[in-house]
Amino acid sequence: MDPYVILTCRTQEQKSSVASGSEPVWNENFIFNVSEGAEELKLKIMDSDIGNDDFVGEAEICLKSVLREGRIPPTAYNIVKNKEFCGEIKVGLTFNPEERSSRDYDDRDEYSRGWKESSHSDRDRTSRRDDSPRGRRHSPERERDYRGRDSDEDRRRGGRRRHSSDED
1 MDPYVILTCR TQEQKSSVAS GSEPVWNENF IFNVSEGAEE LKLKIMDSDI
51 GNDDFVGEAE ICLKSVLREG RIPPTAYNIV KNKEFCGEIK VGLTFNPEER
101 SSRDYDDRDE YSRGWKESSH SDRDRTSRRD DSPRGRRHSP ERERDYRGRD
151 SDEDRRRGGR RRHSSDED
């Protein structure tokens, strides 16, 4: 027997090396990007043959514990084929959460969702504006410009905007 494992987490798939014998040891590491909604890691054990590879069995590992605890020590999981036990595979899991920094977002992502706020302290707070007409926001200083000051364009034309508060 020349087994290998196909590991699948949502749409990501990785393949182990081919081992030999009926009690193979891979001792390999695989890295998956785990996003919200990833609930299980599927292990599909195959036997490498000339021509077509044979399906040996499969195991499913629930990811809730590793996402909560951060680590699961090597644990034996049942390998099943046609709902019948046909062996076990020992797997250890580690979850390393990565925080996305602001530079991981591109401007399209930032602006497509409207206002974004992030802060490490109150004085570091930043805001961004959505370019859609409904999402336009102005700073308090800019709002004052709209309430009564002449705009730069009015000044260039030599005129002054009329406001409802102006007297005739």
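Using UniProt numbering, the letters of the sequence shown correspond one by one to residues 1 to 168.
We put the beta carbon where it would ideally sit given N, CA and C, even for glycine.
Predicted model only: the values in this text are computed from it and were never measured.
Identify the continuous beta strand (DSSP E) that holds residue i and give its terminal residues.
i	result
Val-91	84-94
Met-46	40-47
Pro-3	3-9
Glu-13	12-15
Note down the Cα distance separating residue i from residue j, rounded to an integer number of angstroms.
i	j	result
Val-56	Glu-28	20 angstroms
Glu-60	Glu-88	11 angstroms
Asn-33	Asp-54	28 angstroms
Asp-49	Ser-22	15 angstroms
Glu-36	Lys-44	23 angstroms
Pro-73	Phe-95	12 angstroms
Gly-92	Val-80	19 angstroms
Glu-84	Gly-70	31 angstroms
Ala-38	Thr-75	20 angstroms
Leu-67	Asp-47	31 angstroms
Gln-14	Gly-51	21 angstroms
Lys-90	Thr-11	23 angstroms
Ile-31	Glu-40	14 angstroms
Ser-20	Pro-3	6 angstroms
Tyr-77	Val-18	20 angstroms
Arg-113	Glu-58	Its pLDDT being 39, under 50, Arg-113 is placed unreliably in this model, and the value from its coordinates should be taken loosely. So the alpha carbons of these two residues sit roughly 40 angstroms apart.
Kindly indicate the opening and closing residues of the alpha helix (DSSP H) around residue i.
i	result
residue 220	Only positions 1 to 168 of the chain appear in the structure, and residue 220 is not among them; the question remains open.
Label residue i either buried or exposed according to how many other C-beta atoms from any shown protein chain fall within 10 Å of its C-beta, with 16 as the threshold for buried.
i	result
Arg-137	Legend: pLDDT at Arg-137 = 45, less than 50; position of this residue unreliable, value from coordinates given subsequently. The residue is exposed, with fewer than 16 neighbouring Cβ atoms inside 10 Å.
Cys-62	exposed
Met-1	exposed
Pro-97	exposed
Cys-86	exposed
Ser-121	Low confidence applies to Ser-121: its pLDDT is 36, below 50, so where it sits in the model is not reliable enough to give any reading.
What distance in whole Å lies between the Cβ atoms of residue j and residue i, which are believed to be in contact at a cut-off of 8 angstroms?
i	j	result
Val-5	Ser-16	4 angstroms
Lys-64	Thr-8	About 17 angstroms; that fails the 8 angstroms criterion.
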